[in-house]
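Take a look at the structure set out below.
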Amino acid sequence: MSLIESYEAIPYWKLIGIKVDSVEENSARIKLNIHEDLLNGNDILHGGVVTSLLDAVMGINLKLNIGEASYATVSLTSQFLKAVKADETIFATAVPVQKGRSIACMEARLFNQNGDIIGMGIGTFKIRQPK
């Protein structure tokens, strides 16, 4: 199974509809088409979905940079910068800030189809090297 197939097969990714939009050598971009089930009581994208996308994009991008090692999120900070409504598509990218043998720090950005930044996040991840 390819990396894209394995991530798109994650039950939570399937539940909310996360898709891999593109993959380059050490970088992936994901996307999500916003539907009414993802909105909060104010008819805008729920902050938990934004945080989920930040975590998801940092995870797949970390995996591209650590190979066979596994990882787990230790800490995630998110900033919500712009509201998103139903029928919009949002995209997410992430880059490593620092990567050691056992801890990595990633930064992620979410943006809409117009290129407007809608959210940002910083995550810390525990890396477990294969035995």
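When you line the sequence shown up against our numbering, it's residues -12 to 118, in that order. A virtual CB, placed ideally from N, CA and C, is assigned to each residue, including glycine.
Does the beta-carbon of residue i have 16 or more other beta-carbons within 10 angstroms, so that it is buried, or is it exposed?
i, result
"A15", "buried"
"L2", "exposed"
"N27", "exposed"
"G46", "buried"
"S39", "buried"
"V44", "buried"
"V84", "exposed"
Tell me, please, which residues DSSP counts as bridged to residue i.
i, result
"Y58", "I114"
"I17", "V7 and A79"
"M107", "Q66 and R96"
"L(-10)", "DSSP, once it has assigned bridges, lists no residue as partnering L(-10)."
"K72", "Partner(s): none; K72 has no beta bridge."
"L26", "L32"
Thinking C-alpha only, which one of the options is nearest residue i?
i, options, result
"E75", "F67, G28, L32 and R96", "L32"
"V37", "Y58, K18, P117 and G102", "K18"
"M107", "S89, D24, I77 and P(-2)", "I77"
"F112", "I105, T80 and A91", "A91"
"G110", "K72, Q66, A73 and Q116", "Q66"
"R88", "N99, N29, P117 and I105", "P117"
"K72", "T64, F98, E55 and S62", "F98"
"G35", "I114, Y(-1), A56 and N48", "Y(-1)"
"I114", "E(-5), A59, R96 and L63", "A59"
Which residues mark the beginning and the end of the alpha helix (DSSP H) in which residue i is found?
i, result
"A43", "G34 to I53"
"I(-3)", "Looking at the DSSP string, I(-3) is not in any alpha helix (DSSP H), and its letter there is neither H nor E."
Could you spell out the range, first to last residue, of the beta strand (DSSP E) harbouring residue i?
i, result
"L97", "I90 to N99"
Answer with yes or no whether the minimum CB distance from residue i to chain C is below 8 Å.
i, result
"H22", "In the structure shown, chain C does not exist; there is a single protein chain."
Round the Cβ separation of residue i and residue j to the nearest angstrom and send it over; I've been treating them as touching at under 8 Å.
i, j, result
"K69", "D103", "6 Å"
"I(-3)", "V10", "That belief does not hold up - the Cβ atoms of I(-3) and V10 are roughly 16 Å apart, past 8 Å."
"A81", "E94", "6 Å"
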